[in-house]
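Protein sequence lines, in the order shown, are assigned to chains A and B.
Under the working numbering, residues 564 to 966 are what the first sequence spells out, in order.
Under the working numbering, residues 564 to 966 are what the second sequence spells out, in order.
The structure appears below as structure tokens.
There are 2 protein chains.
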Amino acid sequence: MLIVMKFGGTSVANAERIFNVANRIVDSYRKGNKLIVVLSAQGDTTDELIEKANEINPDASKRELDMLLSTGEQQSVALMAMALQKLGVPAVSLNAQQCGIFSTSTHSNARIKNIATERISKELDAKNIVVITGFQGVDRNDDITTLGRGGSDTSAVALAAKLNADLCEIYTDVDGVYTSDPRIVKSARKLSVIGYDEMLELASLGAKVLHNRSVELAKKYNVNLVVRSSLTNDEGTIVKEESALEKMLVNGVAVDKDVARIAVCNLKDEPGIAFAIFSILAKNKVSVDIILQSIGRKNTKDISFTVAAGDLNEALKILEENKQRLGYSEILHDEEVAKVSIVGGGMATNAGVAASMFEALYNEGINIKMISTSEIKISVLVSEKDADRAANAVHEKFIFNEK
Amino acid sequence: MLIVMKFGGTSVANAERIFNVANRIVDSYRKGNKLIVVLSAQGDTTDELIEKANEINPDASKRELDMLLSTGEQQSVALMAMALQKLGVPAVSLNAQQCGIFSTSTHSNARIKNIATERISKELDAKNIVVITGFQGVDRNDDITTLGRGGSDTSAVALAAKLNADLCEIYTDVDGVYTSDPRIVKSARKLSVIGYDEMLELASLGAKVLHNRSVELAKKYNVNLVVRSSLTNDEGTIVKEESALEKMLVNGVAVDKDVARIAVCNLKDEPGIAFAIFSILAKNKVSVDIILQSIGRKNTKDISFTVAAGDLNEALKILEENKQRLGYSEILHDEEVAKVSIVGGGMATNAGVAASMFEALYNEGINIKMISTSEIKISVLVSEKDADRAANAVHEKFIFNEK
Numbered sequence: 564m565l566i567v568m569k570f571g572g573t574s575v576a577n578a579e580r581i582f583n584v585a586n587r588i589v590d591s592y593r594k595g596n597k598l599i600v601v602l603s604a605q606g607d608t609t610d611e612l613i614e615k616a617n618e619i620n621p622d623a624s625k626r627e628l629d630m631l632l633s634t635g636e637q638q639s640v641a642l643m644a645m646a647l648q649k650l651g652v653p654a655v656s657l658n659a660q661q662c663g664i665f666s667t668s669t670h671s672n673a674r675i676k677n678i679a680t681e682r683i684s685k686e687l688d689a690k691n692i693v694v695i696t697g698f699q700g701v702d703r704n705d706d707i708t709t710l711g712r713g714g715s716d717t718s719a720v721a722l723a724a725k726l727n728a729d730l731c732e733i734y735t736d737v738d739g740v741y742t743s744d745p746r747i748v749k750s751a752r753k754l755s756v757i758g759y760d761e762m763l764e765l766a767s768l769g770a771k772v773l774h775n776r777s778v779e780l781a782k783k784y785n786v787n788l789v790v791r792s793s794l795t796n797d798e799g800t801i802v803k804e805e806s807a808l809e810k811m812l813v814n815g816v817a818v819d820k821d822v823a824r825i826a827v828c829n830l831k832d833e834p835g836i837a838f839a840i841f842s843i844l845a846k847n848k849v850s851v852d853i854i855l856q857s858i859g860r861k862n863t864k865d866i867s868f869t870v871a872a873g874d875l876n877e878a879l880k881i882l883e884e885n886k887q888r889l890g891y892s893e894i895l896h897d898e899e900v901a902k903v904s905i906v907g908g909g910m911a912t913n914a915g916v917a918a919s920m921f922e923a924l925y926n927e928g929i930n931i932k933m934i935s936t937s938e939i940k941i942s943v944l945v946s947e948k949d950a951d952r953a954a955n956a957v958h959e960k961f962i963f964n965e966k
Numbered sequence: 564m565l566i567v568m569k570f571g572g573t574s575v576a577n578a579e580r581i582f583n584v585a586n587r588i589v590d591s592y593r594k595g596n597k598l599i600v601v602l603s604a605q606g607d608t609t610d611e612l613i614e615k616a617n618e619i620n621p622d623a624s625k626r627e628l629d630m631l632l633s634t635g636e637q638q639s640v641a642l643m644a645m646a647l648q649k650l651g652v653p654a655v656s657l658n659a660q661q662c663g664i665f666s667t668s669t670h671s672n673a674r675i676k677n678i679a680t681e682r683i684s685k686e687l688d689a690k691n692i693v694v695i696t697g698f699q700g701v702d703r704n705d706d707i708t709t710l711g712r713g714g715s716d717t718s719a720v721a722l723a724a725k726l727n728a729d730l731c732e733i734y735t736d737v738d739g740v741y742t743s744d745p746r747i748v749k750s751a752r753k754l755s756v757i758g759y760d761e762m763l764e765l766a767s768l769g770a771k772v773l774h775n776r777s778v779e780l781a782k783k784y785n786v787n788l789v790v791r792s793s794l795t796n797d798e799g800t801i802v803k804e805e806s807a808l809e810k811m812l813v814n815g816v817a818v819d820k821d822v823a824r825i826a827v828c829n830l831k832d833e834p835g836i837a838f839a840i841f842s843i844l845a846k847n848k849v850s851v852d853i854i855l856q857s858i859g860r861k862n863t864k865d866i867s868f869t870v871a872a873g874d875l876n877e878a879l880k881i882l883e884e885n886k887q888r889l890g891y892s893e894i895l896h897d898e899e900v901a902k903v904s905i906v907g908g909g910m911a912t913n914a915g916v917a918a919s920m921f922e923a924l925y926n927e928g929i930n931i932k933m934i935s936t937s938e939i940k941i942s943v944l945v946s947e948k949d950a951d952r953a954a955n956a957v958h959e960k961f962i963f964n965e966k
């Protein structure tokens, strides 16, 4: 089998951990697999390099920052190749320039456009384990780019897609994808398989196992992904295309406490008001999640919405600056809220899921502040103090009982 | 003017020093010069990376070691470009892959074969200061190589040669080339100019200002070199082709205390004995300097020679192992010796220089143990305790009085 194995920075933080990973790679190699290993920078290396850069010039061009940061992964891959050689297997490290991982020129947030496979194939044919820098590419000027958050996952999936790998293994510090956060929901259990779309919804809901870009890419090219622990031999969770028949009603319950609610009150009830509010926020890079519009008294309306807690102050400032233009009377906000969501591919074809969820919350005496639904997701906003109880109740209703 | 400026690792060891260097570069840029800046890795970075590699695999392939080490210079150039941008001048960093500094494939000790100038010229035309990684190249497989000791000087001179630069400035922690070591010889003074050949002899005699490979390259392509301090604005020393008329009788006096003398006694007086001794040593990478052969009693001869002090034990071991084959009676050795040398392009055409040197030593009552001469150099071996007095006496005779 041709397998892409991806390990994060924690897994290669020091010599001991590098050998742990190297031993796992050698095991797979000795089974006759052809291996591509994708690595992140060691431990805190990237943060340390960013600090060095900030000390010199916080406004340095992103091109130079990428030039600096890319050295982190290059060190990881060279050290890993050395460790593999020490264990008696042939290995060669390659950076993005050497592989030909071509990307857009958007430094610090580039997208992979294509991968030249000649060099990689040559090394695989020579029985080498090919150890490749994650997180980076080169643009058409031969300048080094980095791929932004979750970039190494994306590198791994892109390589698996381009080389038609049989499997893309993403090694992390958790042993798979869970039906909910085990720290909150006691009955949470590991999923043996999940669909791409459900994984995407879960990731966007705060299950930070895989970055969305890598899952989107896996979906697009139908790459068999496995999320598993670099510390155990557990089987992990397979992420793949699920047929409708296989779809579970609800795959997971996600809790996101990192949200805030804003209410803009007594807006004039005119066309275009909602557009005005959300286009101003979008222009200022504030992402809005659940939106709710209610009819107020005397030809006015209220618009409430949620933002990431970190964007709250920015959002309030923007709305304040545009008070005259928007013509509202006051703004309320609430940080003591949390979003509880259920995700499942089976939901789209199964009526009554929302009702069941609301019933579970009602039975716990939990008040719902806002509701948002999509084809495979239902989210509710509740008080932060109710969040864990809400998650447990919903998880029990849909997942624990189902088992 | 097109100028190549090279700074060593100490000059870019931290943010403060990087800005010191950056300010100097900006001064030159504002005078209208086109600038190529060549940098080494910061401070102890290279040593730290070697340590990391040794921890994992002391026998790692040199290819992987080069992959690892090359990140040091890449960090330097990115940080310097950021500092220059901070000071308001346009700058771009390039690694050896991006420049196209093509080398042989001898990892850890590669030679530059050619430099593709397109990218560099493009950046210079765009008014950018081009900051380039020293010490490294890429071979024809696109693998990263390093150039071995003094590699960054060599990178700078090679770039100056290929781009026809008007000047190649090598910045160090000394302010130029001296007629002798100022710590030993009180009357030592800075040379304003020295010829390539004399510089080569001085370098090989322990004046560790410029690595020989860079001087050889400068000579070959007639590159105007300047050695100057990165801490002061002193003019430094120009290294260039000198015409015979300009040649000083003696340019410098060098003292090397890092030597040891070995005497192999009572060898059979047969052809091939000297060859046998020195081929065995050469095969074991022991370099021999001054050689003296003397006729002994009863058809035997003695052969004495000097080696670097660090090679003494290895040399003795090798000779001991081959005692039977070489057929000597005993080996003597002496570490309490030093080599004092005078170097000068004018020597070749001026008889009596050796006699004058010996006279100066005789006047000081210093005994000469061995003598070696070349076209532009005379070396004598003396007791280590006499070395400083010998250097002063000879310096006074040839250089101080000449002034």
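Glycine residues also receive a C-beta, built at the ideal position from the N, C-alpha and C atoms.
At the C-beta level, residue 735/B and residue 694/B stay beyond 9 angstroms of one another. Taking a 10 Å sphere around the C-beta of residue 564/A, we find fewer than 16 other C-beta atoms and assign the residue as exposed. The residues 569, 571, 601, 602, 603, 636, 697, 698, in chain order, have a CB closer than 8 angstroms to that of residue 715/A in the same chain once the five nearest residues on each side in sequence are set aside. Of all residues in the segment 676 to 700 of chain A, only 682 place a beta-carbon less than 8 angstroms from a beta-carbon of chain B.
Measuring C-alpha to C-alpha distances from residue 663/B to each of 673/A, 646/A, 706/A, 638/A identifies 706/A as the nearest. The Cβ of residue 672/A sits no closer than 9 angstroms to any Cβ of chain B.
In this structure residue 763/A is in contact with residue 779/A, their Cβ atoms being roughly 7 angstroms apart against a cut-off of 8 angstroms. Residue 577/B and residue 611/A have their C-alpha atoms some 14 angstroms from each other.
Membership of residue 718/B in the alpha helix (DSSP H) is indicated by the continuous run 714 to 725. Contact holds between the segment 891 to 901 of chain B and the segment 821 to 830 of chain B, because three or more Cβ pairs, one in each stretch, are under 8 angstroms apart. The Cβ atoms of residue 638/A and residue 631/B sit closer than 9 angstroms to each other.
Within the DSSP secondary-structure output, residue 803/A pairs in a beta bridge with 758/A. Contact note: residue 619/B reaches chain A through 578, 581, 642, 645, 646, 649, using a C-beta cutoff of 7 angstroms and chain order. Note on the segment 653 to 689 of chain B: whole alpha helix (DSSP H) runs with a minimum of 4 residues are 659 to 662, 681 to 688, in chain order. Residue pairing by DSSP places residue 600/B opposite 568/B, 694/B in a beta bridge.
Contact with chain B is absent for residue 607/A, since none of that chain's Cβ atoms lies less than 9 angstroms from the residue's Cβ. Taking 9 angstroms as the cut-off between beta carbons, the residues of the segment 625 to 636 of chain A near chain B are 626, 627, 628, 629, 630, 631, 632, 633, 634, 635, in sequence order.
Chain A places no beta carbon closer than 9 angstroms to that of residue 600/B, leaving this residue out of the contacts. One Cα belongs to residue 841/A, the other to residue 854/A, and the distance between them is close to 10 angstroms.
Between residue 754/A and residue 815/A, the C-beta gap is smaller than 9 angstroms, which places the two residues in contact. Here residue 960/B carries a helix assignment [DSSP, helix/strand/coil]. Neighbours of residue 656/A in chain B, taken as residues at a C-beta separation under 8 angstroms, are given in chain order as 627, 630. Beta-bridge annotation (DSSP): residue 823/B is paired with 870/B. Note that the C-beta distance between residue 818/B and residue 950/B is below 9 angstroms. Assigned with DSSP and collapsed to three states, residue 613/A falls in helix. DSSP lists 817/A, 942/A as the bridge partner or partners of residue 904/A.
Cβ-Cβ distances below 6 angstroms link residue 710/B to 673, 698, 717 in the same chain, with the five nearest sequence neighbours on each side left out; the list follows chain order. For residue 732/A, the uninterrupted beta strand (DSSP E) run begins and ends at 730 to 735, by DSSP.
Between the segment 718 to 728 of chain A and the segment 672 to 692 of chain A there are three or more inter-stretch CB-CB distances shorter than 8 angstroms, so the stretches are counted as touching. Between the segment 903 to 910 of chain B and the segment 861 to 875 of chain B, the count of Cβ pairs shorter than 8 angstroms is below three; the stretches do not touch.
With respect to chain B, the C-beta atom of residue 616/A has a partner C-beta closer than 9 angstroms. For the segment 658 to 670 of chain B, the residues whose beta carbon sits under 7 angstroms from a beta carbon of chain A are, in order, 660, 661. Residue contact with chain B for residue 702/A: absent (no Cβ-Cβ distance below 9 angstroms to any residue of chain B). Boundaries of the alpha helix (DSSP H) around residue 633/A: 625 to 649. For residue 612/B, the nearest CB of chain A lies under 9 angstroms from its own CB, placing it at the interface with that chain. Annotation: the continuous alpha helix (DSSP H) that includes residue 836/B extends over 836 to 846.
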